[in-house]
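2 protein chains.
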Amino acid sequence: MTVSATGFILCGMDRRNGNPTPSIRDVASRANVSPATVSRAFAEPGLVRAETLQRVLAVAEELHYRPSRAARSLTTGKTGNIGLVVPDLGNPFFSAILKGGQARAREADHAVFLADSEENPRLELELVRAMARQVDGVIICSSRLSEAQLQQLRRDTTLVLLNRRVRGVSAVLLDSAGGMRQAIKHLVALGHNRIGFLGGPDGSWSNRERRRGLRLETRGKSLDIVELGPFAPHFEAGQHAADLAVAAEVTAVVAFNDLLALGVLSRLADRGIGVPDEISVVGFDDIPMAGMATPHLTTVALPLEQSGRVAIELLLEQLAHPGSGTHEQGLPAQLIVRASTAPPRGGRSGLRGTRTEPWQETTAIAER
Amino acid sequence: MTVSATGFILCGMDRRNGNPTPSIRDVASRANVSPATVSRAFAEPGLVRAETLQRVLAVAEELHYRPSRAARSLTTGKTGNIGLVVPDLGNPFFSAILKGGQARAREADHAVFLADSEENPRLELELVRAMARQVDGVIICSSRLSEAQLQQLRRDTTLVLLNRRVRGVSAVLLDSAGGMRQAIKHLVALGHNRIGFLGGPDGSWSNRERRRGLRLETRGKSLDIVELGPFAPHFEAGQHAADLAVAAEVTAVVAFNDLLALGVLSRLADRGIGVPDEISVVGFDDIPMAGMATPHLTTVALPLEQSGRVAIELLLEQLAHPGSGTHEQGLPAQLIVRASTAPPRGGRSGLRGTRTEPWQETTAIAER
DNA sequence: ATGAAAGCGCTAACAC
DNA sequence: GTGTTAGCGCTTTCAT
Numbered sequence: 001m002t003v004s005a006t007g008f009i010l011c012g013m014d015r016r017n018g019n020p021t022p023s024i025r026d027v028a029s030r031a032n033v034s035p036a037t038v039s040r041a042f043a044e045p046g047l048v049r050a051e052t053l054q055r056v057l058a059v060a061e062e063l064h065y066r067p068s069r070a071a072r073s074l075t076t077g078k079t080g081n082i083g084l085v086v087p088d089l090g091n092p093f094f095s096a097i098l099k100g101g102q103a104r105a106r107e108a109d110h111a112v113f114l115a116d117s118e119e120n121p122r123l124e125l126e127l128v129r130a131m132a133r134q135v136d137g138v139i140i141c142s143s144r145l146s147e148a149q150l151q152q153l154r155r156d157t158t159l160v161l162l163n164r165r166v167r168g169v170s171a172v173l174l175d176s177a178g179g180m181r182q183a184i185k186h187l188v189a190l191g192h193n194r195i196g197f198l199g200g201p202d203g204s205w206s207n208r209e210r211r212r213g214l215r216l217e218t219r220g221k222s223l224d225i226v227e228l229g230p231f232a233p234h235f236e237a238g239q240h241a242a243d244l245a246v247a248a249e250v251t252a253v254v255a256f257n258d259l260l261a262l263g264v265l266s267r268l269a270d271r272g273i274g275v276p277d278e279i280s281v282v283g284f285d286d287i288p289m290a291g292m293a294t295p296h297l298t299t300v301a302l303p304l305e306q307s308g309r310v311a312i313e314l315l316l317e318q319l320a321h322p323g324s325g326t327h328e329q330g331l332p333a334q335l336i337v338r339a340s341t342a343p344p345r346g347g348r349s350g351l352r353g354t355r356t357e358p359w360q361e362t363t364a365i366a367e368r
Numbered sequence: 369m370t371v372s373a374t375g376f377i378l379c380g381m382d383r384r385n386g387n388p389t390p391s392i393r394d395v396a397s398r399a400n401v402s403p404a405t406v407s408r409a410f411a412e413p414g415l416v417r418a419e420t421l422q423r424v425l426a427v428a429e430e431l432h433y434r435p436s437r438a439a440r441s442l443t444t445g446k447t448g449n450i451g452l453v454v455p456d457l458g459n460p461f462f463s464a465i466l467k468g469g470q471a472r473a474r475e476a477d478h479a480v481f482l483a484d485s486e487e488n489p490r491l492e493l494e495l496v497r498a499m500a501r502q503v504d505g506v507i508i509c510s511s512r513l514s515e516a517q518l519q520q521l522r523r524d525t526t527l528v529l530l531n532r533r534v535r536g537v538s539a540v541l542l543d544s545a546g547g548m549r550q551a552i553k554h555l556v557a558l559g560h561n562r563i564g565f566l567g568g569p570d571g572s573w574s575n576r577e578r579r580r581g582l583r584l585e586t587r588g589k590s591l592d593i594v595e596l597g598p599f600a601p602h603f604e605a606g607q608h609a610a611d612l613a614v615a616a617e618v619t620a621v622v623a624f625n626d627l628l629a630l631g632v633l634s635r636l637a638d639r640g641i642g643v644p645d646e647i648s649v650v651g652f653d654d655i656p657m658a659g660m661a662t663p664h665l666t667t668v669a670l671p672l673e674q675s676g677r678v679a680i681e682l683l684l685e686q687l688a689h690p691g692s693g694t695h696e697q698g699l700p701a702q703l704i705v706r707a708s709t710a711p712p713r714g715g716r717s718g719l720r721g722t723r724t725e726p727w728q729e730t731t732a733i734a735e736r
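Order-wise, the sequence lines are chains A and B.
Counting from 1, position 331 in the first sequence corresponds to residue 331 in our numbering; the numbering is continuous, with no gaps.
Counting from 1, position 144 in the second sequence corresponds to residue 512 in our numbering; the numbering is continuous, with no gaps.
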């Protein structure tokens, strides 16, 4: 269908309501230029004479014309889309990352495909595969996939990981280990010497890092560390964990994340156990809820929104310079002391002991 | 580039790492069929002989072939994508809707484009416009746009609204008015007769509905209703609102949403004012956090995830039958009584009065 | 600075 | 059932 330059416009019929959805040719003929010029007007405005440009843009405006990204991607090989996969949209931790990432992507004029893998590795793999064809790259947050699977995916699309380290893949890494050390230092400074750690999901890089920080900080000190778990990173699991912690007679607990810590707080309140009078509680992540709890939760703050932004930036950089190597960008943690921590009752005279008791459910400290 | 059937495969070079990204023709020649057959094998498997199908699929698998949705959409006019726009990703209310919507979309084999409008109408408009070209339709949650703007957008793409009513546009409507009536009934039954309402954003359909429910339920009863606000639907605004409510000497408050109610709870706790002993507090939405607060928040539960699912269904239906009219799907609210409400101290002997006092900041009750 | 033409990967008539 | 052909809307040489 070549349109004669009669000023009469032929447009493809829209599928919806009979309205015309103009194509580049409609604009071209109406502005008395070739389709190529219209294309340039949008993609490389510098290449077209100011006068022509203005005319083209005016016609485009009048016709409500917008270039079709799908058609463009067909020739350029770039979609202008970015995929983002998270294990659980209901977790505020990922909401915050998503918020930052989506904002940064928009600034770079990229659209965001979102997917929730429901903490299910099989689904995660399938989602990334499905996305691969229609995005320039994908960001996977706290991936539950094996290293081998990630190496596989890397060949289907450009990958950036958040809170996961894999050879040859760019990543943004939140300093969980450092955050944990700050948490322990804080509790030790307050006089605690029998501390519980409520572990997160097996296979989670963050959890491994937090435990690594724990070991680093406690090494050579006369501290009793009781590791409980693993727990799902949810409020309900925290309620369960609270009872275990009380039974373990610790004077303070550090939770894998805030959701877990909030569950602990709730359960302790229900049981009438005072926080921080009888037990101190430290969370992890500093989700918005942490500051809203009663008592306000002491927690290790992680720059969540920023990490989302940085992940996008890493991806864009990788796309712009495919040759250049991969980068790992670390982001610092910072302890926020609020009202859920205080010196233990009776100061430094708490229980002692170095052996593992049956109720401890201690998990092995080993790289998995 | 026509490929001779020599069994030798020519593939386009991938932009990323020199790996081949196979096209439909690569599969076709390798399987000794035409591209059309490969196309059918994926789009309409019923149209191709079982034996051929198997062969094609096998080759496709071997080559890691996946149809390009962009190319497909160019000919079919359908993208298989759905846009989802929310005012604030950080608000758990929208996270929940998003979670439901994304899950339902995946079941229907559709991808989701996500955008956060940051409660900014201009941005919202631009985001929807930008999406329009690359999605089959978009769902706007709690739109801040004017009716006229929405009517405009309707011509660019298929629209479904969540918590917003506009002529000619399908919508899912959460029963805010009914929920409010339940909340008031509950408080009245407990013996409260001076109740505060902490209003939400102007221009919010939900807020109008909640106030409508308020009027319906209080009409003809000897109740003092003190309307405060409008407040931003955030925790911090709730802390502010708490002080106003106390000054207004109400014995109970209903907040526009849970975030606001949680702020009230927090502020009251900080001031040493007992909940529910001195003031009862009712929230709205039943976000996960509501059940985690201390005391556990009495609130009007709305089926959030389900509403996201239903919105997707409405959209899919509309896409499948473009001719059929629009639908409005209502979803019921249900009061969840937890620990933040109780009879007022001193029973039914509270303050009375019908006039507006200066501190009330009463907003006009009128459709906007 | 602009136009003509080829083609990106796929689907949709229409033949056979 | 399957192949042929002609585009979908855009970009991109290569001319002019």
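Cβ coordinates follow ideal geometry from the N, Cα and C atoms, glycine included.
Computed from a predicted model, the values in this text were never measured in an experiment.
Output yes or no for whether 8 Å exceeds the beta carbon distance between residue i and residue j.
| i | j | result |
| --- | --- | --- |
| Phe-481/B | Ile-655/B | no |
| Pro-332/A | Asp-175/A | yes |
| Leu-670/B | His-554/B | no |
| Arg-144/A | Glu-107/A | no |
| Ala-171/A | Leu-161/A | yes |
| Val-551/B | Val-668/B | It should be pointed out that residue 551/B corresponds to Ala in this sequence rather than to Val. Yes. |
| Leu-431/B | Val-395/B | yes |
| Ala-409/B | Glu-673/B | no |
| Leu-466/B | Leu-89/A | yes |
| Ala-479/B | Gly-448/B | yes |
At 9 Å on the CB atoms, spell out the chain B contacts of residue i, in chain order.
| i | result |
| --- | --- |
| Met-440/A | Residue 440/A lies beyond the range of chain A shown here (1 to 368); nothing can be said about it. |
Quick one: Cα of residue i to Cα of residue j, how far?
| i | j | result |
| --- | --- | --- |
| Ile-593/B | Pro-601/B | 20 Å |
| Ala-438/B | Val-424/B | 21 Å |
| Thr-405/B | Arg-129/A | 23 Å |
| Pro-390/B | Ala-399/B | 13 Å |
| Ile-273/A | Gly-505/B | 52 Å |
| Asp-484/B | Arg-472/B | 20 Å |
| Ile-279/A | Ala-293/A | 16 Å |
| Asp-258/A | His-296/A | 11 Å |
| Val-621/B | Gly-676/B | 29 Å |
| Asp-477/B | Thr-619/B | 51 Å |
| Ala-60/A | Arg-66/A | 7 Å |
| Arg-181/A | Gln-422/B | 57 Å |
| Leu-216/A | Ala-242/A | 25 Å |
| Thr-666/B | Ala-658/B | 8 Å |
| Ile-507/B | Gly-100/A | 21 Å |
| Ser-514/B | Gly-567/B | 20 Å |
| Cys-11/A | Leu-687/B | Caution is warranted here: a pLDDT of 34 is assigned to Cys-11/A, below 50, making its placement in the model unreliable, and the coordinate value is therefore given only provisionally. Answer to the nearest angstrom: the Cα atoms are 21 Å apart. |
What is the DSSP secondary structure of residue i, counted as helix, strand or coil?
| i | result |
| --- | --- |
| Asn-207/A | helix |
| Gln-329/A | strand |
| Thr-251/A | coil |
| Arg-194/A | strand |
| Gly-606/B | helix |
| Leu-612/B | helix |
| Thr-526/B | strand |
| Leu-452/B | strand |
Quick one: what's got a C-beta closer than 6 Å to residue i's C-beta in the same chain, skipping five residues either side?
| i | result |
| --- | --- |
| Ala-177/A | Glu-209, Arg-212 and Gly-213 |
| Ser-142/A | Pro-87 and Asn-163 |
| Thr-354/A | With a pLDDT of 34 at Thr-354/A, under the threshold of 50, the modelled position of that residue is not reliable, and the figure given next carries that caveat. So the list is empty, once near-sequence residues are dropped. |
| Gly-651/B | Ala-623, Asp-626, Ala-629, Ala-658, Leu-665 and Thr-667 |
Could you name the residues of chain B that residue i contacts, counting a contact when the two beta carbons are closer than 8 Å?
| i | result |
| --- | --- |
| Thr-79/A | Ala-438 |
| Gln-151/A | Under the 8 Å cutoff, chain B gives no residues; its nearest Cβ is about 12 Å from Gln-151/A. |
Cutting at 8 Å between CB atoms, please list the residues of its own chain near residue i, excluding the five before and the five after it.
| i | result |
| --- | --- |
| Gly-381/A | Chain A is shown only over 1 to 368; residue 381/A falls outside these bounds and no answer can be derived. |
| Arg-716/B | Low confidence applies here, because Arg-716/B scores a pLDDT of 42, under 50, leaving its location unreliable; read the following figure in that light. Result list for Arg-716/B: Gly-559 and Asn-561, in chain order. |
| Glu-696/B | Arg-533, Ser-538, Ala-539, Val-540 and Leu-541 |
Between which residues of its own chain and residue i is the CB-CB distance below 7 Å, once the five residues before and five after are set aside?
| i | result |
| --- | --- |
| Gln-239/A | Gly-263, Ser-266 and Arg-267 |
| Arg-345/A | Asp-277 and Glu-278 |
| Arg-490/B | none |
| Ser-204/A | Ser-142 |
How would you list, in chain order, the residues of chain A whose beta-carbon sits under 8 Å from the beta-carbon of residue i?
| i | result |
| --- | --- |
| Phe-599/B | Per Cβ cutoff of 8 Å: no residues; Phe-599/B is ~16 Å from chain A at best. |
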